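Engineer: Residue numbering for the sequence shown follows this note's numbering, starting at 29 and increasing by one per position. Mind having a look at this structure? Questions to follow.
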Amino acid sequence: MTKSDRSAMRPALRPSPIGRSVLLVAVGVILGSLLSPGGGDRFPLPTGLFAQEGVESGGMSVEGDYQYFTFRRNLWAIHRPTGRVQFMLFPDGREDALVRSAVHQVDPTEFPPEQVRFQLSERNLTNYLWVLNPVTGKARYLRAGRDAVLEASEIHSAGALAQ
């Protein structure tokens, strides 16, 4: 018996192109219904996929003196009354240690604690924490580099926009 004779005797297990299209549409409809706002209660997207802004992201007010920004295994901790910031990288396994950056003091003359606003750069989930003063239009970012070394950008001003 030749190879072509054996393949002719086997039934075809591949669906037709129309069958594959119908199958893909059915899978898309099922996933769409599960992930849609109505189906989100049954199968929510994991929040770890998105940058989080502590309890403020849930619509609740911040209680206490600290504000936290998290994504993946990274944490920015901010002591709001003093303007002190620290970055932490949590370990991937038990054998690794928690990595902490040095504590960075935000300049209280450029960014007074009662005016400053902190925001995590969410566009591409990088380790950039923006320090913003909406009253004066000044901004800078802190970047957590390798081994959690903090790098601060120059202070930039959007004050020219108001003129």
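C-beta: ideal position from N, C-alpha, C; glycine also. Predicted model, so just to flag it, every value in this text is computed and none were measured.
1. Per DSSP, which residues does F115 bridge with? Please list them.
2. Roughly how many angstroms separate the alpha carbons of V113 and H107, rounded to a whole number?
3. When you compare the stretch 132-148 with the stretch 161-178, are there three or more beta-carbon pairs, one atom per stretch, that lie closer than 8 Å?
4. With DSSP run on the structure shown, which of helix, strand or coil describes A176?
5. Is S129 helix, strand or coil when you go by DSSP?
6. What separation, rounded to the nearest whole angstrom, lies between the Cα atoms of T154 and I58?
7. Going by DSSP, name the residue or residues bridged to V159.
8. If you draw a straight line from the alpha carbon of L157 to that of E142, how long is it in whole angstroms?
9. Look at the alpha carbon of D120 and the alpha carbon of R145, and state the distance between them as a whole number of angstroms.
10. If you drop the 5 nearest sequence neighbours on each side, which residues of the same chain put their C-beta closer than 8 Å to that of P109?
Structural biologist: For this structure:
1. W104
2. 7 Å
3. yes
4. helix
5. coil
6. 33 Å
7. F146, R168
8. 18 Å
9. 30 Å
10. D93, P141
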